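Same order as they appear, the protein sequences are chains A and B.
According to full-length UniProt numbering, the first sequence holds residues 1 to 125 in order.
According to full-length UniProt numbering, the second sequence holds residues 1 to 125 in order.
Every residue, glycine too, gets a C-beta built ideally from N, C-alpha and C.
The model shown is predicted, which means the values in this text are computed figures rather than measured ones.
Protein chains: 2
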Amino acid sequence: MTHRTVGHPAGLPDDPRAHVTAPSPECPVEITLAALQGRWTTLVIRELLRGDRSYSELRAALPALSDKVLSDRLAQLTRTGVVERHRRPGWPPRVHYALTPNGHRLGPVLQALWDWGTQTPLPVP
Amino acid sequence: MTHRTVGHPAGLPDDPRAHVTAPSPECPVEITLAALQGRWTTLVIRELLRGDRSYSELRAALPALSDKVLSDRLAQLTRTGVVERHRRPGWPPRVHYALTPNGHRLGPVLQALWDWGTQTPLPVP
DNA sequence: CTGAATCCCTGCCGATACTG
DNA sequence: CAGTATCGGCAGGGATTCAG
Numbered sequence: 001m002t003h004r005t006v007g008h009p010a011g012l013p014d015d016p017r018a019h020v021t022a023p024s025p026e027c028p029v030e031i032t033l034a035a036l037q038g039r040w041t042t043l044v045i046r047e048l049l050r051g052d053r054s055y056s057e058l059r060a061a062l063p064a065l066s067d068k069v070l071s072d073r074l075a076q077l078t079r080t081g082v083v084e085r086h087r088r089p090g091w092p093p094r095v096h097y098a099l100t101p102n103g104h105r106l107g108p109v110l111q112a113l114w115d116w117g118t119q120t121p122l123p124v125p
Numbered sequence: 001m002t003h004r005t006v007g008h009p010a011g012l013p014d015d016p017r018a019h020v021t022a023p024s025p026e027c028p029v030e031i032t033l034a035a036l037q038g039r040w041t042t043l044v045i046r047e048l049l050r051g052d053r054s055y056s057e058l059r060a061a062l063p064a065l066s067d068k069v070l071s072d073r074l075a076q077l078t079r080t081g082v083v084e085r086h087r088r089p090g091w092p093p094r095v096h097y098a099l100t101p102n103g104h105r106l107g108p109v110l111q112a113l114w115d116w117g118t119q120t121p122l123p124v125p
């Protein structure tokens, strides 16, 4: 959502996207949130941060995740440049999924999310 | 979503939430994503990172944001411990919103999201 | 001024069934 | 094995209107 949150530690000196007054898909914050968006997304990324996985390995690791949503998530992550598909020719079909370099850079991002969550009491519903 | 993303830099040595196999509201990553969730949320936080704001100042800063969604967001952020409300007695009613200490700690989180987004090419639709 | 209540519409996600 | 097709329920969010 277009931030220049605190100081200018790492962003451009005066990025115009830091001053937008409405949600914009070009804002870096929204780009990242869009990549992480959707139920199960971060769990799939977590599995792949531990190493490459085939489709069935992902299904086994996340048993409650349906085929439809799993392939949706893998397609989304492929579109957003987080994940790469690798097809092995022959039979039976074998497809491996691996994080791209960009995908690996989500490690620190998830760590930041984890850290804030551990310092925060659960909201009282 | 329950991660222990890379190594154990800051999390507990063996937090069970790092191994959950389904989305869980107790996972620190999900707690944070829930706090940031929803359209306009991060823009509201950005405004408040720049300093306290009254309701009408927030409306002026984000003109395309409707009353309903603005009060929804402020209620959500209050529930999640990010924002505090301060009513000024008297007339006309004046309400100021300010980040809590926890809210200020979202600065580095948004910075991490910003940084990843700037290193990532926009997906080709 | 600062919201809450209502209505409607859209898009997500889960379940099930089917294909290369 | 690795997906796609289809359907339905439900929640998110925008516009408008009403209230303290």
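Residues that DSSP places opposite residue i in a beta bridge
| i | result |
| --- | --- |
| R53 (chain B) | B:Y97 |
| R88 (chain A) | A:R94 |
Distance, residue j Cα to residue i Cα
| i | j | result |
| --- | --- | --- |
| A18 (chain A) | S56 (chain A) | 41 Å |
| Q119 (chain A) | P16 (chain A) | 32 Å |
| A98 (chain A) | R53 (chain B) | 44 Å |
| V109 (chain B) | H86 (chain A) | 32 Å |
| L113 (chain B) | Q111 (chain A) | 11 Å |
| L122 (chain B) | T41 (chain B) | 21 Å |
| G38 (chain A) | A61 (chain B) | 28 Å |
| R105 (chain A) | G81 (chain A) | 11 Å |
| E26 (chain A) | R79 (chain A) | 15 Å |
| G107 (chain A) | R88 (chain B) | 43 Å |
| G51 (chain B) | G51 (chain A) | 43 Å |
| L65 (chain B) | S24 (chain B) | 30 Å |
| D115 (chain A) | L33 (chain A) | 17 Å |
Residue burial classification, residue i (beta-carbon count within 10 angstroms, cutoff 16)
| i | result |
| --- | --- |
| Q76 (chain B) | buried |
| residue 126 (chain A) | Outside the displayed span of chain A (1 to 125) sits residue 126 (chain A), for which this structure offers no information. |
| P92 (chain B) | exposed |
| G90 (chain A) | exposed |
| L43 (chain B) | buried |
| A35 (chain A) | buried |
| D14 (chain B) | exposed |
| P28 (chain A) | buried |
| D67 (chain A) | exposed |
Distance CB(residue i)-CB(residue j) smaller than 8 Å
| i | j | result |
| --- | --- | --- |
| L48 (chain A) | V83 (chain A) | yes |
| I45 (chain A) | G117 (chain B) | no |
| P63 (chain B) | T100 (chain A) | no |
| R59 (chain B) | L74 (chain B) | no |
Problem set entry | Completely contained alpha helix (DSSP H) runs for the stretch 24-85 of chain A, where each covers 4 or more residues | 28-36, 41-49, 55-61 and 67-79
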